[in-house]
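Report on the structure given below.
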Amino acid sequence: MPNPFVLNTTNREDLSIMSIEGYLDAHTAPQFEEKLQAEIEAGRTRIVVDCSKLSYISSAGLGVFMSFIEEIREHSGDIKISGLAPKVRHTFEILGFHDIFDLLDDVQAAVKRFEDKPTREV
Amino acid sequence: MPNPFVLNTTNREDLSIMSIEGYLDAHTAPQFEEKLQAEIEAGRTRIVVDCSKLSYISSAGLGVFMSFIEEIREHSGDIKISGLAPKVRHTFEILGFHDIFDLLDDVQAAVKRFEDKPTREV
Amino acid sequence: MAMIERKFSLHVPSSTENLALIREYVTTIGASAGLSDSDVAKLELAVDEACANVIEHAYGHDLTKEVTVRAIFDEDTLSIIVEDTGRGFDPNSVKQEELQELIAKHKSGGLGLRLIQTLMDEVHYEIIPGQKNELHMKKHIRKS
Amino acid sequence: MAMIERKFSLHVPSSTENLALIREYVTTIGASAGLSDSDVAKLELAVDEACANVIEHAYGHDLTKEVTVRAIFDEDTLSIIVEDTGRGFDPNSVKQEELQELIAKHKSGGLGLRLIQTLMDEVHYEIIPGQKNELHMKKHIRKS
Ligand SMILES: Nc1ncnc2c1ncn2[C@@H]1O[C@H](COP(=O)(O)OP(=O)(O)O)[C@@H](O)[C@H]1O
Ligand SMILES: Nc1ncnc2c1ncn2[C@@H]1O[C@H](COP(=O)(O)OP(=O)(O)O)[C@@H](O)[C@H]1O
Numbered sequence: 008m009p010n011p012f013v014l015n016t017t018n019r020e021d022l023s024i025m026s027i028e029g030y031l032d033a034h035t036a037p038q039f040e041e042k043l044q045a046e047i048e049a050g051r052t053r054i055v056v057d058c059s060k061l062s063y064i065s066s067a068g069l070g071v072f073m074s075f076i077e078e079i080r081e082h083s084g085d086i087k088i089s090g091l092a093p094k095v096r097h098t099f100e101i102l103g104f105h106d107i108f109d110l111l112d113d114v115q116a117a118v119k120r121f122e123d124k125p126t127r128e129v
Numbered sequence: 008m009p010n011p012f013v014l015n016t017t018n019r020e021d022l023s024i025m026s027i028e029g030y031l032d033a034h035t036a037p038q039f040e041e042k043l044q045a046e047i048e049a050g051r052t053r054i055v056v057d058c059s060k061l062s063y064i065s066s067a068g069l070g071v072f073m074s075f076i077e078e079i080r081e082h083s084g085d086i087k088i089s090g091l092a093p094k095v096r097h098t099f100e101i102l103g104f105h106d107i108f109d110l111l112d113d114v115q116a117a118v119k120r121f122e123d124k125p126t127r128e129v
Numbered sequence: 226m227a228m229i230e231r232k233f234s235l236h237v238p239s240s241t242e243n244l245a246l247i248r249e250y251v252t253t254i255g256a257s258a259g260l261s262d263s264d265v266a267k268l269e270l271a272v273d274e275a276c277a278n279v280i281e282h283a284y285g286h287d288l289t290k291e292v293t294v295r296a297i298f299d300e301d302t303l304s305i306i307v308e309d310t311g312r313g314f315d316p317n318s319v320k321q322e323e324l325q326e327l328i329a330k331h332k333s334g335g336l337g338l339r340l341i342q343t344l345m346d347e348v349h350y351e352i353i354p355g356q357k358n359e360l361h362m363k364k365h366i367r368k369s
Numbered sequence: 226m227a228m229i230e231r232k233f234s235l236h237v238p239s240s241t242e243n244l245a246l247i248r249e250y251v252t253t254i255g256a257s258a259g260l261s262d263s264d265v266a267k268l269e270l271a272v273d274e275a276c277a278n279v280i281e282h283a284y285g286h287d288l289t290k291e292v293t294v295r296a297i298f299d300e301d302t303l304s305i306i307v308e309d310t311g312r313g314f315d316p317n318s319v320k321q322e323e324l325q326e327l328i329a330k331h332k333s334g335g336l337g338l339r340l341i342q343t344l345m346d347e348v349h350y351e352i353i354p355g356q357k358n359e360l361h362m363k364k365h366i367r368k369s
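Here it is in structure tokens:
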């Protein structure tokens, strides 16, 4: 397939761990948006997005993080982002996302960060 | 690089083991041709071509095998081909190369075949 | 030895499903032109953003329309031109909002043009509304 | 739901270094069109052979010339047209020699046209020498 994108969600106690794989671009971002929306509607606002298998992100993907973060933090939740490959991390950084989001090395560190800092001021 | 091709030659007693990697197409076939020619000119006509890392071959690559095999067998040598991936093997088979060349699973089997059958009638 | 200009063009239906094809096309050409891996990644993202804008804004996801991506390189510079025949727009009137502002408004867009500006060495638009809109982007090729 | 025809085209300088780009282009389109992996591999090889012939025979490696690869698909069929404006030739007068014969003559070529014929479902040439030469190839899309 020319545009492989895989999304898996695991619910672990009060955390949702969403792992995204492949390309997150204007074509696949709507799928991610829909799943994230569903978590929030289910009242699950403590979310780790595991990007360790994400090979590419464009602004359409970043836009999904951007549009939900305020609502999530208003509910005392957060999105912690883990496992960014250097190329993908660079795209987050160009736009200043590292100042807004906690970027962690792996899922374990992201889960731990929720203990220390369950939410952030926007 | 858009067209990665790597060629390595190891001389082991009276055998030359050439391993080819990447894409063998009309762009890269001349490099393979040159190296094979050099082996023959150096009197080394017992050659294993290890294709286990070859991901693609077109008729330009097959043409190199085709053009040298007679001369090599006239010198009581042979080219044994090893490790073809299914996709690459299919291209050899479409054109009937499996009737002309010994295709072996790996380098070890190719070396062994030289003991049993040092050359073939064309 | 003077290097001749090498010209490429790709024409695809206006659909986001073709962004992956466009990215492969520009990354392969970028590598051929001699860009570093990191510059190839910048090129990939800038061209993706430009084409996503054409598909979404210029053509409103009309699959019967065509996106054109031209590439020309010599030893110094790789130039990309993204062309559409859509409605056009005035790039100078697009307000660049701060990330904080976009977040406060729950916006999911508004990041593309600034990415393109940041990633490429030279960027300009040539717009003839209703006829042809071109986004010209250049990346200098650093000698290694 | 009737599927609209999707049309793509790629134009590249006539050089074997661009065969890798052409292969990526057709394999991505082949997968989008719904071909199986094995049919995508056949398409890749057939188009490579057709373009290598254009670069070598139609243009004699003249980098200033252009190779065009068009692709059109609907739900049933993927059609590829490889175009050149080179010298043209008479496909019917090309002698198809047996592999044994080619080996006996120490030939390194002469395998491309038979590969194209074997790999694709329909093949025909439209030749107007000196003006435009087109190799039309079709692959039927099997429903899975
Ligand atoms: N090719 C285009 N044709 C028409 N309008 C465009 C084009 N590119 C950008 N725009 C306009 O510029 C705005 C900002 O674009 P951008 O920064 O990429 O953010 P986004 O696309 O996410 O809205 C778009 O919302 C759109 O109104
Ligand atoms: N696009 C083309 N333009 C001109 N001549 C061609 C073209 N394609 C094929 N030919 C002719 O047909 C012959 C056979 O082609 P082919 O079977 O691909 O073998 P090869 O290219 O290895 O010689 C070529 O040698 C050439 O004379």
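Chains as they are written, first to last, in the working numbering: chain L, 8 to 129; chain C, 8 to 129; chain D, 226 to 369; chain P, 226 to 369.
Every residue, glycine too, gets a C-beta built ideally from N, C-alpha and C.
Please read all numbers here as calculations on a predicted model, not as lab measurements.
Contact with chain L by residue i, beta-carbon distance below 9 Å
i        : result
ALA256/D : no
LYS320/D : no
ARG231/D : no
ARG339/D : yes
ASP273/D : yes
For residue i, the nearest candidate out of the options (CA to CA)
i        : options                                   : result
VAL251/D : SER240/D, LEU235/D and SER239/D           : LEU235/D
SER83/C  : LEU110/C, GLU122/C and SER65/C            : GLU122/C
ILE328/D : PRO11/L, PHE12/L and ILE76/L              : ILE76/L
GLU347/D : ILE305/D, ALA256/D and GLU291/D           : ILE305/D
GLY311/P : ASP299/P, LEU338/P, ILE280/P and LEU336/P : ILE280/P
ASN243/D : PRO316/D, ARG231/D, GLU351/D and GLU274/D : GLU274/D
VAL265/P : GLU81/C, TYR63/C and ALA67/C              : TYR63/C
MET73/L  : ARG120/L, HIS105/L and ALA49/L            : HIS105/L
ALA283/P : GLU249/P, SER240/P, GLY313/P and HIS349/P : GLY313/P
LEU360/P : SER263/P, VAL292/P, LYS368/P and LEU324/P : VAL292/P
VAL71/C  : ARG19/C, ILE47/C and PRO11/C              : ILE47/C
LYS42/C  : THR17/C, LYS60/C, SER59/C and LYS124/C    : THR17/C
Bounding residues of the alpha helix (DSSP H) (the contiguous stretch that carries residue i)
i        : result
MET73/L  : 66-81
LYS330/P : Counting along the chain, LYS330/P falls outside any alpha helix (DSSP H), and DSSP gives it neither H nor E.
GLU347/P : Where GLU347/P is concerned, there is no enclosing alpha helix (DSSP H), although the beta strand (DSSP E) it sits in stretches over 347-353.
PRO125/L : It is not in any alpha helix (DSSP H) - PRO125/L carries neither H nor E in the DSSP assignment.
LEU177/D : Because chain D here runs from 226 to 369, residue 177/D falls outside it and cannot be looked at.
GLU41/C  : 36-48
CB contact below 9 Å: residue i versus chain D
i        : result
THR253/P : yes
SER66/L  : yes
GLU269/P : no
ALA245/P : yes
ALA117/L : no
THR98/L  : yes
TYR350/P : no
GLU122/L : no
GLU28/L  : no
LEU110/L : no
Beta-carbon neighbours of residue i, restricted to chain P and to distances below 9 Å
i       : result
GLU78/C : HIS331
Beta-carbon neighbours of residue i, restricted to chain L and to distances below 9 Å
i        : result
ILE328/D : MET73, SER74, ILE76, GLU77, ILE107 and VAL129
Continuous beta strand (DSSP E) stretch holding residue i: start and end
i        : result
SER23/L  : 22-31
PHE314/D : Careful: PHE314/D lies outside any beta strand (DSSP E) and carries neither H nor E.
LYS364/P : 357-365
ARG19/C  : 12-19
Residue-chain proximity (residue i, chain P), Cβ-Cβ < 9 Å
i        : result
LEU303/D : no
MET226/D : Residue placement at MET226/D cannot be trusted, given a pLDDT of 46 that sits under 50; the coordinates are not used to answer.
VAL237/D : yes
SER234/D : yes
GLU46/C  : no
GLU40/C  : yes
Partner residues on chain C for residue i, Cβ-Cβ distance less than 7 Å
i        : result
LEU324/P : LEU102, GLY103 and ILE107
THR343/P : ILE101
Interface residues of chain C facing residue i [CB-CB closer than 9 Å]
i        : result
ALA277/P : ASP32, ALA33, HIS34, SER65, SER66 and ALA67
Closer than 9 Å to chain C by CB, residue i
i        : result
LEU336/P : yes
ALA296/P : no
ARG248/P : yes
Contacts of residue i in chain C (Cβ-Cβ under 8 Å)
i        : result
GLU281/P : ALA33
Contact set between residue i and chain P, taken where Cβ atoms lie within less than 7 Å
i       : result
GLY70/C : SER333, GLY334 and LEU336
Listed by chain order, chain D residues near residue i by CB distance under 7 Å
i        : result
LYS94/L  : ALA266
THR289/P : ILE229
*In chain order, which continuous runs of the beta strand (DSSP E) of length 3 or greater are located wholly inside the stretch 80-118 of chain C?*
85-89 and 109-111
*Please go through the stretch 228-301 of chain P and give each complete beta strand (DSSP E) segment of 3 or more residues, from N-terminal end onward.*
231-238 and 291-298
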